[in-house]
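When the letters of the sequence shown are read in order and numbered with our numbering, they come out as residues 29 to 136.
In this text, a Cβ means the ideal position worked out from N, Cα and C, and glycines have one as well.
Fair warning: this is a prediction, and the values are worked out from it, not measured in the lab.
First comes the structure, then the notes that go with it.
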Amino acid sequence: MQNILVMHRLSDLTAAGDSGSRLARIAEGLLSDSETRIILKQSPADLGRTRELIGLSNVEVERVADMPKTWALWRIGSRAFVVAHRITAAERWLIDTDAAMRNGQAAA
Numbered sequence: 029m030q031n032i033l034v035m036h037r038l039s040d041l042t043a044a045g046d047s048g049s050r051l052a053r054i055a056e057g058l059l060s061d062s063e064t065r066i067i068l069k070q071s072p073a074d075l076g077r078t079r080e081l082i083g084l085s086n087v088e089v090e091r092v093a094d095m096p097k098t099w100a101l102w103r104i105g106s107r108a109f110v111v112a113h114r115i116t117a118a119e120r121w122l123i124d125t126d127a128a129m130r131n132g133q134a135a136a
């Protein structure tokens, strides 16, 4: 079985339920069961929780804080890699979360 968990920030896990609730524990369990974690640039406000939930080192936190768009820190087990993702024109619409702002549309 393969689980794919996608979120804007790891602090979104707390939205699954009240702290310590069954739903919150299930959400955190999905993360802890994930052997491959792909972490894009995080805001400074979210880095503490990201470090805590994933166990990032100081160097990894610094890299994630300064990561250019389309780059990511890949954690596979205990190994870490900085990866430049190549985005094709056909894929750009899928990852372009700023399109609504450029087009003057409010986020729903």
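Boundaries of the alpha helix (DSSP H) harbouring V89: N86 to A93, taken from the DSSP string. For I82, the enclosing alpha helix (DSSP H) begins and ends at P72 to I82. Boundaries of the beta strand (DSSP E) harbouring A100: W99 to I104, taken from the DSSP string.
Between E63 and R79, the alpha-carbon positions lie close to 16 Å from each other. For R107, the uninterrupted beta strand (DSSP E) segment begins and ends at R107 to A112.
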